[in-house]
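Novice:
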Amino acid sequence: MDATPLRRAIARSPLAPVAAFPKRLARIARHDAKVLRVSARWLVTSREHHNYTYELTKLSRHHLTWFVSIVCDLPVKQVRGYVAEIESDDVLRQHIEQATATAARRGLADKKVHYARRVGWYAIVRATHPAHVVETGVDKGLGTCVLASALLRNAQEGHPGRVTSLDINPEAGYLAQVAPWSEVVDLVIGDSIASIGALDRPVDLFLHDSDHSRAHEKREFDAVEPKLAPGAILLTDNVTSTNVLAEHAERTGRRFLAYRESPANHWYPGDGIGVAW
Numbered sequence: 001m002d003a004t005p006l007r008r009a010i011a012r013s014p015l016a017p018v019a020a021f022p023k024r025l026a027r028i029a030r031h032d033a034k035v036l037r038v039s040a041r042w043l044v045t046s047r048e049h050h051n052y053t054y055e056l057t058k059l060s061r062h063h064l065t066w067f068v069s070i071v072c073d074l075p076v077k078q079v080r081g082y083v084a085e086i087e088s089d090d091v092l093r094q095h096i097e098q099a100t101a102t103a104a105r106r107g108l109a110d111k112k113v114h115y116a117r118r119v120g121w122y123a124i125v126r127a128t129h130p131a132h133v134v135e136t137g138v139d140k141g142l143g144t145c146v147l148a149s150a151l152l153r154n155a156q157e158g159h160p161g162r163v164t165s166l167d168i169n170p171e172a173g174y175l176a177q178v179a180p181w182s183e184v185v186d187l188v189i190g191d192s193i194a195s196i197g198a199l200d201r202p203v204d205l206f207l208h209d210s211d212h213s214r215a216h217e218k219r220e221f222d223a224v225e226p227k228l229a230p231g232a233i234l235l236t237d238n239v240t241s242t243n244v245l246a247e248h249a250e251r252t253g254r255r256f257l258a259y260r261e262s263p264a265n266h267w268y269p270g271d272g273i274g275v276a277w
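Numbering (UniProt numbering) for the sequence shown: 1 to 277.
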């Protein structure tokens with residue numbers, strides 16, 4: 001007997017919510033069970049307590065390359081090449097693993113290297129050849145190493161640049177204190193607003209990744225605005241939480257675009273990249 005007419009009749013009847021409940025319950029139970037498995041595995045295999053690291057899903061990686069392609073007006077194939085470049089950099093990966101294993105804060109850091117959305121930062125720097133990058137919020141220095149690696153590659157192609165990395169924690173940036181990456185990094189310890197105000201050369205690319213409160217993020221973009229070089233790019237790591245950069249872009253006549261990452265096999269929902277240009 002064909003059950004389809006009966007199912008359709010029930011779907012049109014007052015019994016529809018009751019009939020659908022077991023199927024809905026099964027779907028959410030499968031979803032929750034997967035989240036619990038992933039969370040339990042992370043609790044026993046990871047040491048991180050913030051600034052979580054992970055791989056992106058395959059689809060999320062595809063979306064990130066197209067995102068950078070649009071922002072930088074480059075063929076997506078070229079962007080994929082930049083992403084492959086950083087992911088195949090075994091020298092950088094080995095350095096991060098070794099520096100993490102011997103660091104005083106190794107008890108709160110994972111040994112395996114995962115870049116996630118940071119490969120997008122790398123691709124943007126490779127694509128735009130900035131002479132001066134400024135990042136706020138350094139923590140271990142993983143992102144700093146990624147930015148420095150892009151700058152070192154640019155220098156090999158005749159486009160030298162430096163990154164000024166700002167953090168209030170005197171222990172920040174230990175991953176980026178080894179050559180050759182340290183050769184293009186200026187680590188400044190202090191309040192980010194004051195440090196931005198003291199910058200003595202134009203900023204081609206600015207990345208907010210420090211205090212993620214809405215008020216502080218706005219203060220950083222307001223502070224850096226008069227320091228920007230013509231055509232400068234603004235990035236925020238806080239785009240999944242606030243609309244600060246979008247509002248700044250609208251006030252200053254820029255375009256804005258946002259990307260939200262999807263972590264693979266991790267309980268954390270992920271962060272993103274906001275760009276104003």
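Cβ atoms here follow ideal geometry from the backbone N, Cα and C, with glycine treated the same way.
No experiment lies behind these values; they were computed from the predicted model shown.
Would a C-beta distance cut-off of 8 angstroms place Gly274 and Leu235 closer than the cut-off?
Specialist: yes
Novice: Less than 8 angstroms separating the beta-carbons of Leu147 and Trp121?
Specialist: In this structure, the beta-carbon distance from Leu147 to Trp121 falls below 8 angstroms.
Novice: Counting only runs that start and end within the region 208-238, where is the beta strand (DSSP E) found for 3 or more residues in a row?
Specialist: Counting only runs of 3 or more, we get 228-236.
Novice: Could you tell me the boundaries of the alpha helix (DSSP H) in which Ser39 lies?
Specialist: 16-45
Novice: Determine whether the beta carbon atoms of Pro130 and Asp204 lie at a separation below 8 angstroms.
Specialist: In this structure, Asp204 lies closer than 8 angstroms to Pro130 by Cβ.
Novice: Rounded to a whole number of angstroms, what is the C-alpha to C-alpha distance between Val224 and Arg12?
Specialist: 59 angstroms
Novice: Would you check if the region 153-164 and the region 128-144 touch, i.e. whether three or more CB-CB distances between them fall below 8 angstroms?
Specialist: The region 128-144, when compared against the region 153-164, does touch it at the 8 angstroms Cβ threshold.
Novice: Quick check: what's the CA-CA separation for Phe67 versus Arg37?
Specialist: Rounded to whole angstroms, Phe67 to Arg37 spans 31 angstroms at the Cα level.
Novice: Measuring alpha carbon to alpha carbon, tell me which of Ala127, Val71, Leu59, Thr100 ends up nearest Glu85.
Specialist: Ala127
Novice: Does DSSP put Thr53 in a helix, in a strand, or in coil?
Specialist: Residue state for Thr53 is assigned as coil, using DSSP reduced to three classes.
Novice: Among Arg117, Thr53, Ile10, which residue has its Cα nearest to the Cα of His62?
Specialist: Arg117
Novice: How many Å lie between Arg260 and Asp271 at the Cα?
Specialist: 6 angstroms
Novice: With a 10 Å radius around its C-beta and 16 neighbouring C-beta atoms as the bar for buried, classify Phe21 as buried or exposed.
Specialist: exposed
Novice: If you draw a straight line from the C-alpha of Lys112 to the C-alpha of Thr100, how long is it?
Specialist: Between Lys112 and Thr100, the alpha-carbon positions lie close to 9 angstroms from each other.
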